[in-house]
Amino acid sequence: MSKFELVATTLLGIESITARELEELGIEVLKVEDGRVTFAGDEITICQANTWIRTAERILIKLGEFNAFTFEELFQGTKALPWNEWISQNCAFPVKAYSLKSKLQSVPDCQAIVKKAIVEKLKTCYNVEWFEESGPLYRIHLALLKDNATLMIDTSGEGLHKRGYREMSNEAPLKETLAAALIYISRWRPNKPFVDPFCGSGTIPIEAAMIGANIAPGLKRKFISEDWSQIPAQLWNQTRTQAQKLIKADAELDIFGCDIDSSAVKLSKKNAAIAGVDKFVKFKQLPVSELNSTKEYGTIICNPPYGERLSDIKTAEGIYNEIGNVFAAHNTWSYFILSPNEKFEALFGKKSNKNRKLYNGMIKCYLYQYLGPKPPRTNNA
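Heads up, the sequence shown is in our numbering, so the first residue is 352 and it goes up one at a time.
This is the structure:
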């Protein structure tokens, strides 16, 4: 087995959760930064991280980093890296880049220079002048941050939020990775009731069910690095076989999602069936005003409508006021509401115990956290 430096990219605000996930898998975390977690591992680690990590966007192999103040420095630094250890003569290797707070601001130029540098390196190694790029795909990522260039190879392919169960979604879907992060932040336990009263396409309840039943999020999808010669098929098979054995098929979960929109509820049920969790979660058409439970010490997690136009914002603010009244009746429950509205607490009618800045796509939001009382200890004596 080889030893690599790997990078899990994340949405801003959930890096520490991804780091915790990696550590729980027994993987060594090296560094936690904005939008990324660097960790150590080998070929089996790549399989495990892609298959199991619920909150990361991608798993990348870090080939190297260096300062690049000029295009020449970018070219030479890229060319010096061991591309031939990964990319063979027929491989495809497109380049994707971003630049932030760096002197090299033209992303298309940076991508072209990195591509040219890799080609020049491979020409020397293989003694050829032309690369067909008809074989396995190795996507190159260039991250330029404060004049520091990091070059990586993507092992995931499609973003890890694409679990394979959400073939269709409603108008404003929450990423599966963010939904999983909300559940981890809430510290919900599978033996407690769970409710999402704005379930949309069912993402939050489905992710809760997958966590509760210990279903690996990457079990039903393919990863780009499965086509690479460097990672034997037996390692992917081994990882999937082990993940299949760890599913808690007999888990007893009390997970409920509802929405005022009947088409959303229908879609949620379909997505839950594709995910294989339809026996763990119930969906029902129900306005939030009618939400009522006699159960205690449960968890509510929701992503209510934000509103974009002025009239929609007013409607959203009315919903915040309404859920403040509804949730207050569930006085032993904890509730977690994601909203971009900085007046949320006033509209909801109660100050949160905590709030956490998160990004839903490009929208800056806050997760307002209202912590209920701890259940009384049972006396087993």
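Glycine residues also receive a C-beta, built at the ideal position from the N, C-alpha and C atoms.
The model shown is predicted, which means the values in this text are computed figures rather than measured ones.
If the criterion is Cβ atoms closer than 8 Å, does the pair D366 and V380 meet it? Translated into the one-based positions of the sequence shown, residue 366 becomes position 15. Translated into the one-based positions of the sequence shown, residue 380 becomes position 29. The sequence given here has Glu at residue 366, not Asp. The answer is no: Cβ separation not under 8 Å.
Measuring straight from C-alpha to C-alpha, what distance separates I651 and L496? In the sequence shown, residue 651 corresponds to position 300, counting from 1. In the sequence shown, residue 496 corresponds to position 145, counting from 1. Looking at the two C-alpha atoms, the distance is approximately 38 Å.
Between which residues of its own chain and T506 is the CB-CB distance below 7 Å, once the five residues before and five after are set aside? Position 155 of the sequence shown, counted from the start, is the residue given in the question as residue 506. Cβ neighbours of T506 beyond the five flanking positions: I397, N401, I410, L411, I412, F574, I575, S576.
Can you tell me which of the three DSSP states C398 falls into? For the purposes of this step, residue 398 is taken as the residue at position 47 of the sequence shown. Here C398 sits in helix by DSSP.
Have a look at the DSSP bridge pairing and note the partners of V358. Locating residue 358 in the sequence shown gives position 7, counting from the first residue. T389, L411, per the DSSP bridge assignment.
What do you reckon, are the CB atoms on F695 and Y657 nearer than 8 Å? Reading the sequence shown from its first residue, position 344 is the one you call residue 695. Reading the sequence shown from its first residue, position 306 is the one you call residue 657. No. Outside cutoff.
Tell me the residue span of the beta strand (DSSP E) that contains F687. The residue labelled residue 687 in the question sits at position 336 within the sequence shown. Note, F687: beta strand (DSSP E), 685-690.
Nearest candidate by alpha-carbon position, reference K543, set E356, K725, I670: Position 192 of the sequence shown holds residue 543. K543 has its Cα closest to that of K725, out of E356, K725, I670.
Okay, do the stretch 594-614 and the stretch 545-553 touch, 3+ Cβ pairs below 8 Å being the bar? yes
Restricting to Cα atoms, I'd like to know which of R591, I378, E518, N682 is closest to K621. For the purposes of this step, residue 621 is taken as residue 270 along the sequence shown, with counting starting at 1. Per the Cα distances, E518.
Distance check for A626 and L618, CA to CA, integer angstroms please. Taking the sequence shown and counting its residues from 1, the one referred to as residue 618 is at position 267. Taking the sequence shown and counting its residues from 1, the one referred to as residue 626 is at position 275. Spanning the two alpha carbons is a distance of roughly 12 Å.
So F417 and A500 are supposed to be a Cβ contact under 8 Å. How far apart are they, rounded? The residue you call residue 417 lines up with position 66 of the sequence shown. The residue you call residue 500 lines up with position 149 of the sequence shown. With 8 Å as the limit, F417 and A500 qualify as a contact, their Cβ atoms being about 6 Å apart.
Contact check, W684 vs G723, beta carbons under 8 Å: Here residue 684 corresponds to residue number 333 of the sequence shown, with the count starting at 1. Here residue 723 corresponds to residue number 372 of the sequence shown, with the count starting at 1. For W684 and G723, yes; Cβs fall inside 8 Å.
Can the beta-carbon of L363 be found closer than 8 Å to that of L529? The sequence position of residue 363 within the sequence shown is 12, counting from 1. The sequence position of residue 529 within the sequence shown is 178, counting from 1. The answer is no: Cβ separation not under 8 Å.
By the three-class DSSP mapping on this structure, what secondary structure does K694 have? Your numbering for residue 694 matches position 343 in the sequence shown. Three-state DSSP puts K694 in coil, outside helix and strand.
Three or more beta-carbon pairs under 8 Å between the stretch 482-493 and the stretch 591-601, yes or no? no
In the DSSP assignment, the beta strand (DSSP E) including V446 goes from what residue to what residue? Locating residue 446 in the sequence shown gives position 95, where the first residue counts as 1. Its beta strand (DSSP E) spans residues 446-451.
Tell me which residues share the same chain as G508 and place their Cβ nearer than 6 Å to its Cβ, disregarding the 5 neighbours each side in the sequence. In the sequence shown, residue 508 corresponds to position 157, counting from 1. Excluding five sequence positions before and after G508, the CB atoms of its chain that fall closer than 6 Å to its own CB belong to F574, I575, given in chain order.
Can you tell me whether R538 is helix, strand or coil according to DSSP? Within the sequence shown, the letter at position 187 stands for residue 538. Three-state result, R538: coil.
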